[in-house]
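Novice: In the UniProt record's numbering, the protein residues as written are 1 to 248. We treat Cβ as the ideally placed atom computed from N, Cα and C, and that holds for glycine. On a predicted model such as this, the values are computed, not experimentally measured, just so you know. Encoded as structure tokens, here's the structure I'll be asking about.
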Amino acid sequence: MEHTKETPRPEKARTIGLQQAEYLLSVTRLGQLPADSGAEVAMAGRSNVGKSSVLNRVCQQRALARVSRTPGRTQALNFFILGSPEQRLVDLPGYGYAKVPEAMRAQWGELLSQYLRSRQSLKGLILVMDIRHPLMPFDCDLLRFAAHCQRPVHVLLNKADKLSRGAARQTLQRVLRAGEMAGSTAQLFSAKEGEGLPELQSRLSAWLEKSPPPPAGNKHESSKGGEDSHPGQGGEVREKPLPLESKD
């Protein structure tokens with residue numbers, strides 16, 4: 001497993017209460033957000049990338065995913081406290097719902113956009129991708145938007161067990177090149193096998209303990225150049241809400 005240079009040692013992850021994670025509340029409007037204090041990390045991803053399985057694995061609790069899948073909560077920001085109300089994980093709505101009405105997608109997009117712009121306690125964003133289908137259009141939109149909001153992003157290439165080691169490493173290199181201008185980092189991960197868990201826990205620990213965010217541009221396994229499109233290209237990020245829909 002490849003590690004970023006700035007990732008703390010895995011044993012530091014024990015200092016945060018991941019295994020004590022408890023559901024706090026679900027939010028569909030900004031006025032419902034819990035107090036903007038302490039530190040929280042948000043988890044985003046398409047609706048079929050295994051985000052709930054990642055949440056289960058990192059907290060070693062199956063019940064958390066059941067909470068996020070409860071009808072009415074899949075369209076909300078779901079907050080979980082980690083042994084203390086001052087340390088939180090936030091499960092963001094999955095995007096890519098083809099059958100969701102446009103008005104509802106716009107409402108989710110506005111909520112997510114305002115949350116990313118204004119939430120002072122938000123220390124970082126975990127963006128979960130299916131390693132077999134990385135950098136889908138909205139993934140790139142979210143990377144650009146997060147960079148515009150100066151939110152550090154760590155990309156989790158989930159389902160790494162579905163590819164050979166060589167193919168997985170090639171995909172990791174591609175994602176790292178694409179994320180260079182957005183200042184994101186990335187790693188391989190398998191919610192099924194537990195591959196990459198210590199690195200992810202250490203990343204969460206660094207953010208949730210209010211450690212300084214990783215410096216942009218200091219990434220592991222990074223390569224300059226490349227033929228992939230860069231999420232940071234194309235000038236300023238648009239100010240309109242993020243469109244929670246699949247463009248592919």
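So, do the segment 115-125 and the segment 161-168 have three or more beta carbon pairs nearer to each other than 8 Å?
Specialist: no
Novice: Which of helix, strand or coil does DSSP assign to Phe138?
Specialist: Numbered from 1 along the sequence shown, position 138 holds the residue referred to as residue 138. In this structure, Phe138 counts as helix in the three-state DSSP scheme.
Novice: How many angstroms separate the CA atom of Arg66 from the CA atom of Arg57?
Specialist: The residue given as residue 66 occupies position 66 in the sequence shown. The residue given as residue 57 occupies position 57 in the sequence shown. Their Cα atoms are separated by approximately 13 Å.
Novice: Do Leu143 and Gly179 have their C-beta atoms closer together than 8 Å?
Specialist: Translated into positions along the sequence shown, residue 143 becomes position 143. Translated into positions along the sequence shown, residue 179 becomes position 179. Closer than 8 Å, so yes.
Novice: How far does the beta strand (DSSP E) with Leu89 in it extend, from its first residue to its last?
Specialist: Numbered from 1 along the sequence shown, position 89 holds the residue referred to as residue 89. Note, Leu89: beta strand (DSSP E), Gln87 to Asp91.
Novice: Skipping 5 residues on each side, what residues in its chain have a beta carbon closer than 8 Å to that of Gln60?
Specialist: Counting from 1 along the sequence shown, the entry for residue 60 is found at position 60. The beta carbon of Gln60 lies closer than 8 Å to those of Leu18 and Gln19 in the same chain, with the five residues before and after it left out.
Novice: When burial is assigned at 16 or more other CB atoms within 10 Å of the CB, is residue 251 buried or exposed?
Specialist: Summary: the structure shown does not reach residue 251, with the chain confined to residues 1 through 248, and so no result is reported for it.
Novice: Any heavy atom of the ligand GTP closer than 7 Å to the beta-carbon of Leu176?
Specialist: Judged by which ligands are present, the structure shown has none, so any question about the ligand GTP falls away.
Novice: Determine the DSSP secondary structure at Gly17, reduced to helix, strand or coil.
Specialist: What you label residue 17 is simply residue 17 of the sequence shown in a count that begins at 1. Gly17: coil per DSSP, three-state reduction.
Novice: Candidates Glu86, Ser26 and Gly50: which alpha carbon is nearest Trp207's?
Specialist: Position 207 of the sequence shown, counted from the first residue, corresponds to residue 207. The candidate whose alpha carbon is nearest that of Trp207 is Glu86.
Novice: Measure from the alpha carbon of Lys159 to the alpha carbon of each residue in Ala42, Gly50, Ser113 and Tyr23, then state which is nearest.
Specialist: Here residue 159 is taken as the residue at index 159 of the sequence shown, counted from 1. Ranking Ala42, Gly50, Ser113 and Tyr23 by Cα distance to Lys159 puts Gly50 first.
Novice: Please report the straight-line C-alpha distance between Asn78 and Trp108, rounded to a whole angstrom.
Specialist: Position 78 of the sequence shown holds residue 78. Position 108 of the sequence shown holds residue 108. Cα to Cα, Asn78 sits roughly 13 Å from Trp108.
Novice: Ends of the alpha helix (DSSP H) at Gly166?
Specialist: What you label residue 166 is simply residue 166 of the sequence shown in a count that begins at 1. Unbroken alpha helix (DSSP H) run through Gly166: Arg165 to Gly179.
Novice: Nearest CA to the CA of Lys192: which residue from Arg177, Leu157 and Gln173?
Specialist: The residue labelled residue 192 in the question sits at position 192 within the sequence shown. With distances taken between Cα atoms, Lys192 lies closest to Leu157.
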